[in-house]
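*Asks:*
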Amino acid sequence: MIIVASLAFSQTAIAQPNPDNAHTDLEFRLGGGVLNGTSLDNDEGVPRTIKMTAQIFADRLFPVTTIGDGVVEIGPYVKGALLDGVSVPLVAGGVILGYRFGNYEILVNGGLAYATERIGENTSDGSVHPGQTKQTYDLGLSLRYDINQYFISAGYQHNSNGSHFDINFIPEKGTNPGYDNLFVGVGIRF
């Protein structure tokens, strides 16, 4: 993933020599997250509860090319989050791809994340479920609307270790039902 990101950024520098067109975004997000929110019943028997989440999300986007009336952008992102009722810290980072047209920007991000503990691991009766693993893929889709140098956003994020798609590279971490999060945010562009 690091090699792919490096190659993407070297091509970006060649395609767009003017660094003044690049921009940094800093965003605060609030949302609701649920363990394995994509199905009605999870394998671990963890109760289905929606809990508050909070995130600080930052990215640096470089214009690559124009398509139609918009601009394709690529860059790195980092995220610090508090999940599961703002009680479980998570850090993430990776590559973000964007398409900006008018005041709108569509973003897709993918990377790796690490949480300090598993979500849903312990139950009220003392039994332990595998729950959300500590090391996961971090995937997201969001839409931003610019208002001068500020913006508002809404989106969806998913963290899982890919065990349902047989791409779990660290199987000793256990199974993973995934963690889904819907959010709204406000940010500033530098």
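Here the sequence shown is numbered in my numbering, starting from 4 and rising by one per residue.
Beta carbons are placed, not taken as given, at the ideal position from N, Cα and C, and that holds for glycine.
These numbers were taken from a predicted model, which means no experiment stands behind them.
1. Please list, in chain order, all residues of the same chain as residue 154 whose beta carbon is under 7 Å from its beta carbon, the five residues on each side excluded.
2. Between which two residues does the beta strand (DSSP E) containing residue 112 stretch?
3. Tell me the DSSP secondary structure of residue 151 in three-state form.
4. Hey, would you say residue 84 sits closer than 8 Å to residue 58, going by beta carbons?
5. Checking 8 Å against the spacing of the C-beta atoms, do residue 101 and residue 82 come in under that value?
6. What did DSSP end up calling residue 184 once you bin it into helix, strand or coil?
7. Going by DSSP, which residues form a beta bridge with residue 52?
*Replies:* Looking at the coordinates:
1. 147, 148, 190, 192
2. 107-118
3. coil
4. yes
5. no
6. strand
7. None; residue 52 has no bridge partner.
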